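Everything on this sheet refers to the single structure shown next.
2 protein chains.
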Amino acid sequence: MKHIAIVEDEVLMREELSDLLRKAGYRVDGISEFQDVTSRLLALSPDLILLDLNLPGINGFQLCRELKQKSSVPVLVLTSRDELHDELHALQLGADEYLTKPCRKERLLSRIANVLKRFEGRANLLEGNGYLLDRKTYTLYIHNSSVILPKNQGKLLEVFLTHKNEIVPKETLCHAVWGTAEFIDENALQVNLTRLKKTMSELNMNQQIVPVRGSGYKLVISLFTERG
Amino acid sequence: MKHIAIVEDEVLMREELSDLLRKAGYRVDGISEFQDVTSRLLALSPDLILLDLNLPGINGFQLCRELKQKSSVPVLVLTSRDELHDELHALQLGADEYLTKPCRKERLLSRIANVLKRFEGRANLLEGNGYLLDRKTYTLYIHNSSVILPKNQGKLLEVFLTHKNEIVPKETLCHAVWGTAEFIDENALQVNLTRLKKTMSELNMNQQIVPVRGSGYKLVISLFTERG
DNA sequence: AGAATACTTACATCTGCTGAAAGCGCAAAA
DNA sequence: TTTTGCGCTTTCAGCAGATGTAAGTATTCT
Chain A
743 MKHIAIVEDE
753 VLMREELSDL
763 LRKAGYRVDG
773 ISEFQDVTSR
783 LLALSPDLIL
793 LDLNLPGING
803 FQLCRELKQK
813 SSVPVLVLTS
823 RDELHDELHA
833 LQLGADEYLT
843 KPCRKERLLS
853 RIANVLKRFE
863 GRANLLEGNG
873 YLLDRKTYTL
883 YIHNSSVILP
893 KNQGKLLEVF
903 LTHKNEIVPK
913 ETLCHAVWGT
923 AEFIDENALQ
933 VNLTRLKKTM
943 SELNMNQQIV
953 PVRGSGYKLV
963 ISLFTERG
Chain B
743 MKHIAIVEDE
753 VLMREELSDL
763 LRKAGYRVDG
773 ISEFQDVTSR
783 LLALSPDLIL
793 LDLNLPGING
803 FQLCRELKQK
813 SSVPVLVLTS
823 RDELHDELHA
833 LQLGADEYLT
843 KPCRKERLLS
853 RIANVLKRFE
863 GRANLLEGNG
873 YLLDRKTYTL
883 YIHNSSVILP
893 KNQGKLLEVF
903 LTHKNEIVPK
913 ETLCHAVWGT
923 AEFIDENALQ
933 VNLTRLKKTM
943 SELNMNQQIV
953 PVRGSGYKLV
963 ISLFTERG
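One line per chain: the protein sequences are A and B, in this order.
Everything in the first sequence is counted per the numbering used here, starting at 743 for the first residue and increasing by one.
Everything in the second sequence is counted per the numbering used here, starting at 743 for the first residue and increasing by one.
Pasting the structure below:
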């Protein structure tokens with residue numbers, strides 16, 4: 743049974759949605775507490791998130807972006823904001839569908855089914871800048887083709903993709919590759935990073951791993967492949 | 743550059759759409775002749791099909807269904823039919839998006855980009871009975887997970903999936919695995935087939951490779967994993 | 001310049017895929 | 001029931017690619 747999380751502050755609306763979805767055969771969780779929403783939602787690991795944009799205290803767009811950055815869960819935005827630029831913005835941030843209230847029940851259910859179907863089998867795909875990474879096999883989809891990354895390189899890239907725009911400390915990377923945080927072999931990490939960088943440049947990926955002295959590494963977008 | 747095919751009978755509308763899409767950086771083909779549309783469209787092998795439902799002589803829904811059955815090309819329906827049941831029907835038949843005319847340019851472009859993004863990397867995916875096979879890396883997607891098949895097993899499965907419901911002669915299989923048709927080592931083939939069968943059963947795939955005495959092999963659906 | 005940090009290269013080891021070989025099992029024909 | 005041939009299984013050695021080690025080079029900051 744598929745599992746849907748509802749993010750909606752108005753109690754009545756939330757109840758109505760819950761009912762509708764339960765009757766349609768989904769397992770439903772409603773979120774009513776909006777502190778730490780992102781982590782709370784991801785902890786539920788639903789098959790789909792139904793998201794209202796007007797929430798108390800937090801920015802719905804921001805939430806959408808965070809969800810998409812930290813996971814690959816499908817997000818369906820259901821909101822009363824019917825401005826085109828809101829729709830475009832949400833889609834830009836990674837929303838998978840955008841519907842405006844009021845919305846016919848049938849349409850909502852149909853679009854939900856549509857989105858769920860789209861994501862079948864894609865559960866483990868992590869999104870990069872113009873490419874996708876399978877978290878299980880480390881198959882990388884880029885430029886309409888695909889390559890398998892060696893395990894270590896895959897694990898490293900995975901960490902970077904789950905920490906976009908953050909500085910990732912070496913310990914985190916070591917932990918991701920070798921499991922335990924016991925002994926950190928900086929050199930082994932170094933070698934593996936070099937290898938990842940090499941394959942990334944060979945694949946013309948427009949992202950680069952750059953060192954941050956003393957702290958760790960960061961994945962940044964690089965418009966130019968070679969330094970002049 | 744992504745390639746879009748437009749199926750629309752009104753000349754003015756078609757021209758306008760073409761212009762818009764070209765300016766947005768797509769390569770565009772307009773279809774104005776509606777005999778044999780399906781095969782004609784698939785011959786173009788576009789990255790996306792923009793489909794009107796009201797066409798002279800043919801049924802738009804039927805066309806949509808055919809396209810989806812014979813290929814995995816994304817279809818965006820753009821129509822003046824604004825009845826909910828039309829939308830539901832189209833989505834049911836496999837349409838990937840449904841927009842009604844009149845439609846804001848920005849929305850159309852945004853949704854097109856959205857659909858294209860969804861299909862990124864899916865170009866090389868071959869469809870099996872409840873699973874997907876990447877023809878390049880031989881990554882197999884099944885049961886919401888993924889595995890990498892060894893090259894030979896992947897090649898063999900690929901042949902079977904491109905010859906559904908046909909008896910595949912050994913030569914074909916050998917040719918697929920070792921390239922040349924020079925010398926056929928029946929035993930090597932045998933071993934590799936056994937290996938593929940083993941992984942398929944370990945993965946609980948509901949398809950089985952069965953021998954056809956003297957001719958070759960065939961991939962059949964098996965409802966039951968073990969023979970009683 | 002000197003120290004600290006970051007990178008490169010080469011090599012030995014290890015894992016897992018592959019084909020060869022040899023022998024077993026089963027189904028159709030005698 | 002026996003024979004015959006085709007299909008299947010298992011084992012083993014070879015090979016390729018991924019990994020960690022080690023030693024040496026380059027860069028950056030002070």
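Where is the CB? At the ideal position from N, CA and C, for every residue including glycine.
Note that the structure is predicted; figures quoted are calculated from it, not measured.
- Along the segment 868-955 of chain A, the alpha helix (DSSP H) occurs as fully enclosed runs of 4 or more residues at 893-903, 912-920, 928-944, listed in sequence order.
- Note that the C-beta distance between Ile773 (chain A) and Val753 (chain A) is not below 7 Å.
- With contacts defined by Cβ atoms closer than 7 Å, Asn871 (chain A) and Ile963 (chain A) form a contacting pair.
- For Ala930 (chain A), there are no C-beta contacts with chain B under 9 Å, since the nearest C-beta of that chain is about 24 Å from it.
- Here Ile926 (chain A) has Lys912, Glu913, Cys916 as same chain residues with Cβ atoms under 8 Å from its own Cβ, once five neighbours each way along the sequence are excluded.
- Pairing Ile800 (chain B) with Tyr768 (chain B) gives a Cβ-Cβ distance that is not under 7 Å.
- At a cut-off of 7 Å between beta-carbon atoms, Tyr840 (chain A) makes no contact with chain B.
- Straight through space, the alpha carbons of Leu850 (chain B) and Val819 (chain B) are spaced by roughly 11 Å.
- Look at Leu786 (chain A): its C-beta is not under 7 Å from any C-beta on chain B.
- Under the three-state reduction of DSSP, Arg846 (chain A) is assigned to coil, being neither helix nor strand.
- Identification of chain B residues near Ile890 (chain A) by a Cβ-Cβ cut-off of 8 Å yields Thr879, Thr881, Ile890, ordered along the chain.
- The way I'd put it, the segment 783-801 of chain A does touch the segment 822-836 of chain A; three or more beta-carbon pairs between them come closer than 8 Å.
- In the three-state reduction of the DSSP assignment, Ile854 (chain A) falls in the helix class, which pools H, G and I.
- Following the DSSP letters along the chain, one finds Val815 (chain A) in no beta strand (DSSP E), marked with neither H nor E.
- For the options A:Gly836, A:Leu833, A:Glu829, A:Gln834, the alpha carbon positioned closest to that of Thr842 (chain A) is the one of A:Glu829.
- Listed as beta-bridge partners of Ile791 (chain B) by DSSP are B:Ala747, B:Val817.
- Between Arg853 (chain A) and Glu839 (chain A), the gap from beta carbon to beta carbon is short of 7 Å.
- Contact annotation for Glu944 (chain B) against chain A: no contact, minimum CB-CB distance about 16 Å [criterion: below 9 Å].
- Around the C-beta of Pro816 (chain A), 16 or more other C-beta atoms lie within 10 Å, and the residue is accordingly described as buried.
- Membership of Asp771 (chain B) in the beta strand (DSSP E) is indicated by the continuous run 769-773.
- Residues of chain B with a Cβ closer than 7 Å to the Cβ of Glu848 (chain A) are, in chain order, Leu826, Leu830.
- Spanning the alpha carbons of Val779 (chain B) and Phe776 (chain A) requires a straight line of approximately 52 Å.
- Between Pro798 (chain B) and Asp761 (chain B), the CB-CB gap reaches or exceeds 7 Å.
- Apart from the 5 residues on each side of it in sequence, Ala918 (chain B) sits with its Cβ closer than 8 Å to the Cβ of Lys897, Leu898, Glu900, Val901 in its chain, given in chain order.
- If you look at Leu784 (chain B), you'll find it in the alpha helix (DSSP H) that goes 779-786.
- Residues of the segment 884-914 of chain A with a C-beta less than 8 Å from any C-beta of chain B: Ile884, Asn886, Ser887, Ser888, Val889, Ile890, listed in chain order.
- Between the C-alpha atoms of Ser957 (chain B) and Leu938 (chain B) there is a straight-line separation of about 19 Å.
- Rounded to whole angstroms, the separation of the alpha carbons of Leu931 (chain A) and Asn866 (chain B) is 33 Å.
- With a cutoff of 7 Å on beta-carbon distance, Leu868 (chain A) and Leu882 (chain A) are scored as not near each other.
- Residues of chain A whose Cβ lies closer than 7 Å to the Cβ of Ala865 (chain B) are, in chain order, Asn886.
- Closest by C-alpha distance to Pro844 (chain B), out of B:Leu935, B:Leu826, B:Val954, B:Met755, is B:Met755.
- The continuous alpha helix (DSSP H) containing Leu759 (chain A) extends over residues 753-765.
- Around the beta carbon of Leu786 (chain A), fewer than 16 other beta carbons sit within 10 angstroms, so the residue counts as exposed.
- Between Trp920 (chain B) and the set B:Asn934, B:Glu908, B:Asn907, the nearest pair of CA atoms involves B:Asn934.
- Taking a Cβ-Cβ cut-off of 9 Å, the neighbours of Glu862 (chain B) in chain A comprise Gly872, Tyr873, Leu874, Tyr883, Ile884, Asn886, given in sequence order.
- Per the coordinates, the alpha-carbon of Gln834 (chain A) lies some 30 Å from the alpha-carbon of Leu805 (chain B).
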